[in-house]
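Asks: Residue numbers (the working numbering), protein chains in the order written: chain Y, 1 to 167; chain E, 1001 to 1100. This is the structure, below, for whatever I ask next.
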Amino acid sequence: MTSELIVFIVLAIISVLAAVGLLSSRNAVYAALFLILNFATVAVLYLMLNAPFLAIIQISVYAGAIMVLFLFVIMLLGAERLNQAAPQPGLRWQRPLAIGLGALLLIQAAYVFITRFNSTTVAPNLIQAGPMEIGLKLFGPYLLPFEVTSILLLVAIIGAVVLTREK
Amino acid sequence: MNTVSPYVLLSAILFSMGVIGFLTRRNAIMIFMSVELMLNSANLAFVAFAHQWGQLDGQMFVFFVMAVAAAEVAVGLALIVTVFRSKKSANVDDLHQLKG
Chain Y
1 MTSELIVFIV LAIISVLAAV GLLSSRNAVY AALFLILNFA TVAVLYLMLN APFLAIIQIS
61 VYAGAIMVLF LFVIMLLGAE RLNQAAPQPG LRWQRPLAIG LGALLLIQAA YVFITRFNST
121 TVAPNLIQAG PMEIGLKLFG PYLLPFEVTS ILLLVAIIGA VVLTREK
Chain E
1001 MNTVSPYVLL SAILFSMGVI GFLTRRNAIM IFMSVELMLN SANLAFVAFA HQWGQLDGQM
1061 FVFFVMAVAA AEVAVGLALI VTVFRSKKSA NVDDLHQLKG
């Protein structure tokens, strides 16, 4: 059992437990903090997968900016208490059906991944994924998606301002 | 480890939990967080495959997914704030009519 496998198992258990906490928590702030824990463990997994720049981006953009936005909105609205409203009478079957379908999806995906990818080994040439290589890719072959992304972010800014404007 | 299948398996587990959260929770903010969980698990699969093939393109896709997620969160949370102002609730069951 290599040390990498031990680290992976510990991180996987933490991230799955954080996801369970996210799904089961009764307080929206706790749920957001569990999600941040999940993002942090995934960032460490990125480091193990030879993607150090993405790991930093994951921490600063995902666990930083996006989750701060979430916490800001939760506290702005005062919507911390998730009083689990009783489902409407016609929708009682929805929860067990959703859990069953989610489990079915997991079984299918796990079956495909295990049967199709288990024999494939990692390519011997390890990629260098520092900021320079990422930047060369971003402003080379991926220039058009990069520009489209900037327009998308501009549209999102304008949309957020227009939607929250007081009448 | 000389195979990335454990990472992809973890990604599948996290994605399924995001699906379950999306389908079972009634609060709009919790639904959004479940969507974030799903996007994040897809990113993990992208990075794992980039590692497997020794190519950088998978990591580039993660960048664009992150940018789209940021835009989606900004617009989605603005929508939740607007809905909360008019309905005094973030429960999606209360939003059964298109009238504002």
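Every residue gets a Cβ at the ideal spot worked out from N, C-alpha and C, and that includes glycine. Just so it is clear, the structure is predicted and the values come from calculations on it, not from any experiment.
Any beta carbon from chain Y within less than 9 Å of isoleucine 1020 of chain E's own beta carbon?
Replies: For this step, residue 1020 of chain E is matched to residue 20 along the second sequence. Taking Cβ atoms only, chain Y reaches closer than 9 Å to isoleucine 1020 of chain E, which makes this a yes.
Asks: Quick one, are the C-beta atoms of leucine 77 of chain Y and alanine 1090 of chain E less than 9 Å apart?
Replies: Here residue 77 of chain Y is taken as the residue at index 77 of the first sequence, counted from 1. Here residue 1090 of chain E is taken as the residue at index 90 of the second sequence, counted from 1. Against a cut-off of 9 Å, the Cβ pair of alanine 1090 of chain E and leucine 77 of chain Y comes out as a contact.
Asks: Taking the alpha carbon of methionine 1017 of chain E as the reference point, which residue from Y:Gly102, Y:Val68 and Y:Ala51 has its own alpha carbon closest?
Replies: On the second sequence, residue 1017 of chain E is found 17 positions in, with the first residue counted as 1. Per the Cα distances, Y:Gly102.
Asks: Return the bridge partner residues of asparagine 1027 of chain E from the DSSP annotation.
Replies: Here residue 1027 of chain E corresponds to residue number 27 of the second sequence, with the count starting at 1. Looking at the DSSP assignment, asparagine 1027 of chain E forms a beta bridge with E:Asn1091.
Asks: Along the chain, where does the alpha helix (DSSP H) that runs through phenylalanine 70 of chain Y open and close?
Replies: Counted from its first residue, the first sequence places residue 70 of chain Y at position 70. Per DSSP, phenylalanine 70 of chain Y belongs to the alpha helix (DSSP H) from 67-77.
Asks: Ends of the alpha helix (DSSP H) at alanine 40 of chain Y?
Replies: Here residue 40 of chain Y is taken as the residue at index 40 of the first sequence, counted from 1. It spans 28-48 - the alpha helix (DSSP H) in which alanine 40 of chain Y sits, taken as one unbroken run.
Asks: Is there a C-beta anywhere in chain E that falls below 9 Å from the one on valine 16 of chain Y?
Replies: Working through the first sequence from its first residue, we reach residue 16 of chain Y at position 16. Judged by the 9 Å Cβ criterion, valine 16 of chain Y is in contact with chain E.
Asks: Rounded to a whole number of angstroms, what is the C-alpha to C-alpha distance between leucine 35 of chain Y and leucine 104 of chain Y?
Replies: Reading the first sequence from its first residue, position 35 is the one you call residue 35 of chain Y. Reading the first sequence from its first residue, position 104 is the one you call residue 104 of chain Y. Cα to Cα, leucine 35 of chain Y sits roughly 24 Å from leucine 104 of chain Y.
Asks: With DSSP collapsed to three states, give me the class of arginine 81 of chain Y.
Replies: Reading the first sequence from its first residue, position 81 is the one you call residue 81 of chain Y. Correct three-state label for arginine 81 of chain Y: strand.
Asks: Going by beta-carbon coordinates alone, are alanine 1067 of chain E and glycine 1058 of chain E separated by less than 9 Å?
Replies: Working through the second sequence from its first residue, we reach residue 1067 of chain E at position 67. Working through the second sequence from its first residue, we reach residue 1058 of chain E at position 58. No, the pair does not count as a contact, with Cβ atoms beyond the cut-off.
Asks: Output the boundary residues of the alpha helix (DSSP H) element that contains alanine 156 of chain Y.
Replies: On the first sequence, position 156 is the one that residue 156 of chain Y refers to. Alanine 156 of chain Y -> alpha helix (DSSP H) spans 143-163.
Asks: Beta-carbon within less than 6 Å of phenylalanine 1015 of chain E's beta-carbon, same chain only, minus the 5 sequence neighbours each way: which residues are those?
Replies: Indexing the second sequence from 1 puts residue 1015 of chain E at position 15. For phenylalanine 1015 of chain E, where only same-chain residues beyond five positions count, the Cβ hits under 6 Å are Met1038 and Ser1041.
Asks: Does chain E have any CB closer than 9 Å to the CB of arginine 92 of chain Y?
Replies: Stepping through the first sequence from its first residue, residue 92 of chain Y is reached at position 92. Arginine 92 of chain Y does not count as touching chain E.
Asks: For glutamine 1052 of chain E, does the three-state DSSP call read helix, strand or coil?
Replies: Within the second sequence, the letter at position 52 stands for residue 1052 of chain E. Three-state result, glutamine 1052 of chain E: helix.
Asks: Is there a Cβ of chain E sitting closer than 9 Å to that of valine 10 of chain Y, yes or no?
Replies: Walking along the first sequence from the start, residue 10 of chain Y turns up at place 10. No, valine 10 of chain Y does not count as interfacial toward chain E.
Asks: Is there a Cβ from chain E that is less than 9 Å from the Cβ of leucine 101 of chain Y?
Replies: Here the question's residue 101 of chain Y lines up with position 101 in the first sequence. At least one chain E Cβ lies under 9 Å of leucine 101 of chain Y.
Asks: When the Cα atoms are used, what is the spatial distance from glycine 100 of chain Y to serine 1011 of chain E?
Replies: Sequence index remark: in the first sequence, residue 100 of chain Y carries index 100 (1-based). Sequence index remark: in the second sequence, residue 1011 of chain E carries index 11 (1-based). If I take the Cα positions, the gap works out to 19 Å.
Asks: How would you write the range of the alpha helix (DSSP H) that glycine 135 of chain Y sits in, first residue to last?
Replies: If you number the first sequence from 1, residue 135 of chain Y lands on position 135. Segment 131-138, the alpha helix (DSSP H) holding glycine 135 of chain Y.
Asks: Helix, strand or coil for glutamate 1072 of chain E? Go by DSSP, reduced to three states.
Replies: Translated into the one-based positions of the second sequence, residue 1072 of chain E becomes position 72. Helix.
Asks: In this structure, does DSSP put alanine 115 of chain Y in helix, strand or coil?
Replies: In the first sequence, the residue the question calls residue 115 of chain Y occupies position 115. One detail in the question is off: residue 115 of chain Y reads as threonine in this sequence, not alanine. Helix at threonine 115 of chain Y.
Asks: Which residues in the same chain have their Cβ closer than 7 Å to the Cβ of valine 42 of chain Y, if we skip the five residues on either side of it in sequence?
Replies: Reading the first sequence from its first residue, position 42 is the one you call residue 42 of chain Y. So the qualifying residues of the chain are Ser15 and Gln58.
Asks: Shorter than 9 Å from the beta carbon of phenylalanine 139 of chain Y to some beta carbon of chain E?
Replies: Locating residue 139 of chain Y in the first sequence gives position 139, counting from the first residue. Answer no: the Cβ-Cβ gap between phenylalanine 139 of chain Y and chain E never drops below 9 Å.
Asks: Pick from Y:Val162, Y:Leu17, Y:Val44 and Y:Met48: whose alpha carbon is nearest that of alanine 63 of chain Y?
Replies: As a first step, residue 63 of chain Y is located in the first sequence; it is residue number 63 there, counting from the start. Ranking Y:Val162, Y:Leu17, Y:Val44 and Y:Met48 by Cα distance to alanine 63 of chain Y puts Y:Val44 first.
Asks: Counting only Cβ pairs nearer than 8 Å, list the residues of chain Y close to serine 1016 of chain E.
Replies: Against the second sequence, residue 1016 of chain E aligns to sequence position 16. Neighbours of serine 1016 of chain E on chain Y, chain order: Gly102, Ala103, Leu105, Leu106 and Ala109.
Asks: Please report the straight-line C-alpha distance between methionine 132 of chain Y and valine 1008 of chain E, rounded to a whole angstrom.
Replies: As a working mapping, residue 132 of chain Y is identified with position 132 in the first sequence. As a working mapping, residue 1008 of chain E is identified with position 8 in the second sequence. If I take the Cα positions, the gap works out to 27 Å.
Asks: Quick check on alanine 1067 of chain E - is its C-beta less than 9 Å from some C-beta in chain Y?
Replies: Here residue 1067 of chain E corresponds to residue number 67 of the second sequence, with the count starting at 1. For alanine 1067 of chain E, the answer is yes, since a Cβ of chain Y falls inside 9 Å of its Cβ.
Asks: So, is serine 1034 of chain E buried or exposed, given that buried needs 16 or more other C-beta atoms within 10 angstroms?
Replies: Residue numbering aside, residue 1034 of chain E sits at position 34 when the second sequence is read from its first letter. Serine 1034 of chain E comes out buried.
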